[in-house]
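J.:
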Amino acid sequence: MTRIVIADDHAFLRAGLEQVLGSLGFTIVGSVGDGDAALAAVGDVDPDLLIVDLRMPGRNGVAVIEALRARGDARPVLMLAAEIDDASLVAAIRLGVNGILMKDSDAAALKQAIDTVMSGARAISMPMMERAFMLASKPSETSPLDALSERDRRIVEGVAAGLRNREIAENLAISEGSVKVYLHRIFDRLNVGNRTELALLVRAGQGQHGAAS
Numbered sequence: 166m167t168r169i170v171i172a173d174d175h176a177f178l179r180a181g182l183e184q185v186l187g188s189l190g191f192t193i194v195g196s197v198g199d200g201d202a203a204l205a206a207v208g209d210v211d212p213d214l215l216i217v218d219l220r221m222p223g224r225n226g227v228a229v230i231e232a233l234r235a236r237g238d239a240r241p242v243l244m245l246a247a248e249i250d251d252a253s254l255v256a257a258i259r260l261g262v263n264g265i266l267m268k269d270s271d272a273a274a275l276k277q278a279i280d281t282v283m284s285g286a287r288a289i290s291m292p293m294m295e296r297a298f299m300l301a302s303k304p305s306e307t308s309p310l311d312a313l314s315e316r317d318r319r320i321v322e323g324v325a326a327g328l329r330n331r332e333i334a335e336n337l338a339i340s341e342g343s344v345k346v347y348l349h350r351i352f353d354r355l356n357v358g359n360r361t362e363l364a365l366l367v368r369a370g371q372g373q374h375g376a377a378s
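With my numbering applied, the sequence shown covers 166 to 378.
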C-alpha cells in the first residue's frame with residue numbers, strides 16, 4: 166500500500182485530496198500546509214510518495230524538491246499546480262520532479278500519475294516536457310532578468326547567492342530598507358512571490374546560458 170504525505174496550504178482542497186486518495190486505496194500518513202512541514206513529515210513518517218502543491222508559503226513545491234534532492238532523498242514527488250510558470254517548470258524538471266499534475270485533473274488522472282511515478286517512470290505530459298525543453302534551449306537574451314537595471318541585477322544575484330538583505334545592502338552601499346523596497350518591486354516585475362522563486366528564476370536563466378553556449 167502506497168503511503169503518502171500531502172502538502173497544500175489550502176485546508177479545504179487538502180481535505181478533498183485526502184478523501185479522493187483514500188477512496189483510491191492509498192494511505193495518507195501525513196497532511197500539512199507548507200513546505201517546511203512537508204520536509205519534517207518526510208523525516209517523521211518516511212512516506213513512499215510526497216504530493217506537494219507548487220504554490221505554498223515559505224518553501225514552495227519546487228523548493229521542497231530541491232531540499233529533498235540536496236540531502237540525497239530520491240523518493241518520488243508528484244507536484245500539483247493550478248498553473249505553472251516557465252521558471253518553476255524548468256526548475257522542477259531539472260531537480261528531478263517525478264510527476265506534474267494540474268489541479269483540474271480528475272481522480273483517474275491522479276491515480277494514473279501516482280501509479281506511473283511509483284513504477285519509476287515520469288508522469289509529465291509530453292506538451293509540458295516539450296515546453297520545458299524549448300524554455301531551456303532559449304538563448305539567454307530572452308531572460309526577463311536582462312531587463313533589470315545593474316543595481317537590481319546585483320540585488321537578484323545576492324538573493325540567489327543566499328545573502329541576507331543586510332549583506333546585500335552593505336555590498337551596494339545602500340540601506341537595508343532600500344533593498345526591501347527594491348526586492349518587492351523586482352518580485353512584481355518578474356512575477357515571483359518570494360526569494361526562493363526568484364533564486365529559481367536566476368538558476369533557470371543560468372541554465373539557458375549553458376544551453377546557448
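Just so you know, even glycine gets a beta-carbon here, dropped at the ideal spot from N, CA and C.
How far does the beta strand (DSSP E) with V170 in it reach, from first residue to last?
T.: As a first step, residue 170 is located in the sequence shown; it is residue number 5 there, counting from the start. Here the beta strand (DSSP E) through V170 covers R168 to A172.
J.: For S378, I'd like the list of residues in its chain whose CB is within less than 8 angstroms of its CB, leaving aside the five on either flank, ordered along the chain.
T.: In the sequence shown, residue 378 corresponds to position 213, counting from 1. With a pLDDT of only 42 at S378, under the threshold of 50, the placement of this residue in the model should not be trusted, and no figure is reported.
J.: Kindly indicate which three-state DSSP category D218 falls into: helix, strand or coil?
T.: Walking along the sequence shown from the start, residue 218 turns up at place 53. Strand, per DSSP.
J.: For E362, does the three-state DSSP call read helix, strand or coil?
T.: As a working mapping, residue 362 is identified with position 197 in the sequence shown. E362: helix per DSSP, three-state reduction.
J.: Count the other CB atoms, across all protein chains shown, that sit within 10 Å of the CB of S253; report buried if there are 16 or more and exposed otherwise.
T.: Taking the sequence shown and counting its residues from 1, the one referred to as residue 253 is at position 88. The residue in question, S253, is buried, as its Cβ has 16 or more Cβ neighbours within 10 Å.
J.: So, M244 versus V255, is the Cβ gap smaller than 8 angstroms?
T.: Within the sequence shown, numbered from 1, the residue matching residue 244 stands at position 79. Within the sequence shown, numbered from 1, the residue matching residue 255 stands at position 90. For M244 and V255, no; Cβs fall outside 8 angstroms.
J.: Can you check which of these residues, V229, R360 and S188, is closest to A172 by C-alpha distance?
T.: Translated into the one-based positions of the sequence shown, residue 172 becomes position 7. Checking every option, the nearest Cα to that of A172 belongs to V229.
J.: Looking at C-beta atoms only, is the number of pairs between the segment 191-202 and the segment 329-339 that lie closer than 8 angstroms three or more?
T.: no
J.: Pick helix, strand or coil for R262, following the three-state DSSP scheme.
T.: Against the sequence shown, residue 262 aligns to sequence position 97. A small fix is needed here, since residue 262 is Val in this sequence, not Arg. Secondary structure of V262 (DSSP, three-state): coil.
J.: Can you look up G342 in the DSSP assignment and give me helix, strand or coil?
T.: Position 177 of the sequence shown, counting from 1, holds the residue named residue 342. Helix at G342.
J.: Suppose contacts are defined by Cβ-Cβ distances below 8 angstroms. Is P212 in contact with I169 by that definition?
T.: For this step, residue 212 is matched to residue 47 along the sequence shown. For this step, residue 169 is matched to residue 4 along the sequence shown. A contact, by the Cβ cut-off of 8 angstroms.
J.: Note the first and the last residue of the continuous alpha helix (DSSP H) segment covering G323.
T.: One-based indexing of the sequence shown puts residue 323 at position 158. From DSSP, the alpha helix (DSSP H) with G323 extends over E315 to A325.
J.: Mind checking which residues open and close the alpha helix (DSSP H) that includes L275?
T.: If you number the sequence shown from 1, residue 275 lands on position 110. Start and end: A272 to M283.
J.: Hey, how far is the Cα of L260 from the Cα of A325?
T.: As a first step, residue 260 is located in the sequence shown; it is residue number 95 there, counting from the start. As a first step, residue 325 is located in the sequence shown; it is residue number 160 there, counting from the start. When rounded, the distance between both Cα atoms is 16 angstroms.
J.: Spatial neighbours of D317 within its chain, please: C-beta separation below 6 angstroms, excluding the five flanking residues on both sides.
T.: Numbered from 1 along the sequence shown, position 152 holds the residue referred to as residue 317. Within its own chain, the residues whose Cβ lies closer than 6 angstroms to the Cβ of D317, once the five positions on either side in sequence are excluded, are I351, listed in chain order.
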